[in-house]
Each structure stands twice: as structure tokens, then as C-alpha cells.
Amino acid sequence: DTGVSQDPRHKITKRGQNVTFRCDPISEHNRLYWYRQTLGQGPEFLTYFQNEAQLEKSRLLSDRFSAERPKGSFSTLEIQHTEQGDSAMYLCASSLEQRNINEQFFGPGTRLTVL
Amino acid sequence: TQLLEQSPQFLSIQEGENLTVYCNSSSVFSSLQWYRQEPGEGPVLLVTVVTGGEVKKLKRLTFQFGDARKDSSLHITAAQPGDTGLYLCAGEPGHFGNEKLTFGTGTRLTIIP
Numbered sequence: 308d309t310g311v312s313q314d315p316r317h318k319i320t321k322r323g324q325n326v327t328f329r330c331d332p333i334s335e336h337n338r339l340y341w342y343r344q345t346l347g348q349g350p351e352f353l354t355y356f357q358n359e360a361q362l363e364k365s366r367l368l369s370d371r372f373s374a375e376r377p378k379g380s381f382s383t384l385e386i387q388h389t390e391q392g393d394s395a396m397y398l399c400a401s402s403l404e405q406r407n408i409n410e411q412f413f414g415p416g417t418r419l420t421v422l
Numbered sequence: 009t010q011l012l013e014q015s016p017q018f019l020s021i022q023e024g025e026n027l028t029v030y031c032n033s034s035s036v037f038s039s040l041q042w043y044r045q046e047p048g049e050g051p052v053l054l055v056t057v058v059t060g061g062e063v064k065k066l067k068r069l070t071f072q073f074g075d076a077r078k079d080s081s082l083h084i085t086a087a088q089p090g091d092t093g094l095y096l097c098a099g100e101p102g103h104f105g106n107e108k109l110t111f112g113t114g115t116r117l118t119i120i121p
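From first to last, the protein sequence lines are chains G and E. Per this note's numbering, residue 308 is the first one in the first sequence, and the count goes up by one each step. Per this note's numbering, residue 9 is the first one in the second sequence, and the count goes up by one each step.
Laid out in C-alpha cells, this is it:
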């Protein structure tokens, strides 16, 4: 396991369809994060897990978005009834809980295009 | 209001020149990280600074954390085309951090051969 992996790398969907993305973190990392990045901006925090518990959700995460990490390993992010405004790069990151330092390692991202 | 302001937004210089990019905030950060991101890829962690006034070097890259832990700079010496990319600073606001990272809008650097 050499890093965070995400699948798929690219997803094109029609407005109104549901999509699901998967993230596999670095194996010994207990924290997993989802971010969204639009063109010309830095990543924006969506949600994070410590083991299987979802500890924080951003107000950016509308009711159409749901994330899970059922066994504390991989995570899925589902978007229901996609809208054109959901088009973005969805990034997953993982980290090992350490005092005072939160070094997050990112995956390659899933680029979502909603037509 | 952007919590972390990066400047300049865009920078295009000749190979071999030196450059500095800045990351500023009015808030204190428990730690601050610098990432480089290439088109279509996720950010890659370059360095983490934790202590006020800390200086870290990574080959031709020098990173500094401000004494008050509110700002940081990245200096590149003798820039090379491989340095081209989007440089992002990110940190955990507060004296003790709060798990999620807040990112700046980035500096897009282009090194011309």
C-alpha cells in the first residue's frame, strides 16, 4: 500500500443521477477526510472520519451527500440527484492521529462532471 | 473571507531564477502545511511546520513559519521546470488544531525553460 487510492478517477453523469465514489486510505491511518475542489480554488473540507465514526460534516455537505466508512477502512461518498453545481474534483485524504500535527496525504481525486 | 491568503496568485519566471510565495492569515494556526498539486492530480505534501519561527529545507525549497504562527513563506532557489505547479498552503486554525485543514487559494507557478 503506497498511498491513498480513489475510484473512479473520472465520472460523467447526467443531472439527477446518483453517483458513488470510493476511497482507500493508507492502511495504518485511522482518519479519513473528504474535500471538494473547484477550478481555481483550494480544496474545501466536506467531512471526516476517525475509524468508522463520522465526526464532523461541513455545511457544504447538503442532504444529497452521504459518506460512510463502515469498517474503518475504505470510505464511500454518495451524491444523490446530482446537480450541475456538484461538478468538481472530489479529494480523499488520510492521516494518522498525532498530537499537534495533522499531516494529511491525498489521493489522486475523482473528477465529477454533471451534464 | 478567505482565512488563508496566498500571494501572488500567478507567477511565471525563467528557469534559474529565485522566487518567494507567501501565505498569510490574521488567525493563528497550530501547524501549517505546504502542498504542490499538478493538473488532474491530488495535492502532494511537501512539508509541515509546527513551531513559530521554524525553517525547513527540502533541497532547493525553504519553508518558514512566522513567529506568531499566522503566516508562512516558501522560497525556491534556482527554479527548474519541474517546480511548475499549484502551491497550496493549508493549516489547522487555532492553537490546538481542529482536525480539518483550511486551504489557501494557491499560487500557480510556471517555470519557463
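All C-beta atoms in this analysis are idealised placements derived from N, C-alpha and C, irrespective of residue type, glycine included.
{"Item": "Name the chain E residues that come within less than 9 Å of glutamine 348 of chain G, Cβ to Cβ?", "Value": "Phe111, Thr113, Gly114"}
{"Item": "Can you name the residues of chain E whose CB is closer than 8 Å to the CB of glutamine 361 of chain G?", "Value": "Here the premise fails: no neighbours, minimum Cβ distance about 12 Å."}
{"Item": "Given a cut-off of 8 Å on the beta-carbon distance, is the pair arginine 338 of chain G and threonine 383 of chain G in contact?", "Value": "no"}
{"Item": "Confirm, please, whether the CB-CB distance from isoleucine 119 of chain E to aspartate 91 of chain E is below 8 Å.", "Value": "yes"}
{"Item": "Am I right that alanine 400 of chain G and glutamine 411 of chain G are in contact with their C-beta atoms under 8 Å? What's the rounded C-beta distance?", "Value": "4 Å"}
{"Item": "As a quick exercise: from E:Tyr95, E:Ala86, E:Glu49, pick the residue whose alpha carbon is nearest that of histidine 317 of chain G.", "Value": "E:Glu49"}
{"Item": "If you run the structure through DSSP and keep just helix, strand and coil, what is aspartate 75 of chain E?", "Value": "coil"}
{"Item": "Would threonine 56 of chain E pass as an interface residue toward chain G - the criterion being a Cβ-Cβ separation below 8 Å?", "Value": "yes"}
{"Item": "Measure the alpha-carbon distance for tyrosine 355 of chain G versus glutamine 405 of chain G and round it to whole angstroms.", "Value": "15 Å"}
{"Item": "Closer than 7 Å, Cβ to any Cβ of chain E: which residues of the stretch 310–325 of chain G, in chain order?", "Value": "none"}
{"Item": "Check the Cβ of leucine 53 of chain E against every Cβ in chain G and list those closer than 9 Å, keeping chain order.", "Value": "Glu410, Gln411, Phe412, Phe413"}
{"Item": "Please report the straight-line C-alpha distance between serine 15 of chain E and glycine 114 of chain E, rounded to a whole angstrom.", "Value": "8 Å"}
{"Item": "With respect to 7 Å, is the separation between the Cβ of glutamate 100 of chain E and the closest non-hydrogen atom of the ligand GTP below this value?", "Value": "You won't find the ligand GTP in this model; it holds no ligand whatsoever."}
{"Item": "Could you have a look at glutamine 344 of chain G and say whether DSSP puts it in helix, strand or coil?", "Value": "strand"}
{"Item": "Name the DSSP bridge partner or partners of threonine 354 of chain G?", "Value": "G:Trp341, G:Lys364"}
{"Item": "Buried or exposed for phenylalanine 18 of chain E, please, with buried defined as at least 16 other CB atoms from any protein chain shown within 10 angstroms of its CB.", "Value": "exposed"}
{"Item": "Taking Cβ-Cβ distances shorter than 8 Å, what residues in chain E pair up with phenylalanine 381 of chain G?", "Value": "What phenylalanine 381 of chain G touches in chain E: nothing, since even the nearest Cβ is about 16 Å away."}
{"Item": "Determine, for glutamine 41 of chain E, whether the minimum Cβ-Cβ distance to residues of chain G falls below 8 Å.", "Value": "yes"}
{"Item": "In whole angstroms, what is the alpha-carbon distance linking serine 380 of chain G and glycine 310 of chain G?", "Value": "13 Å"}
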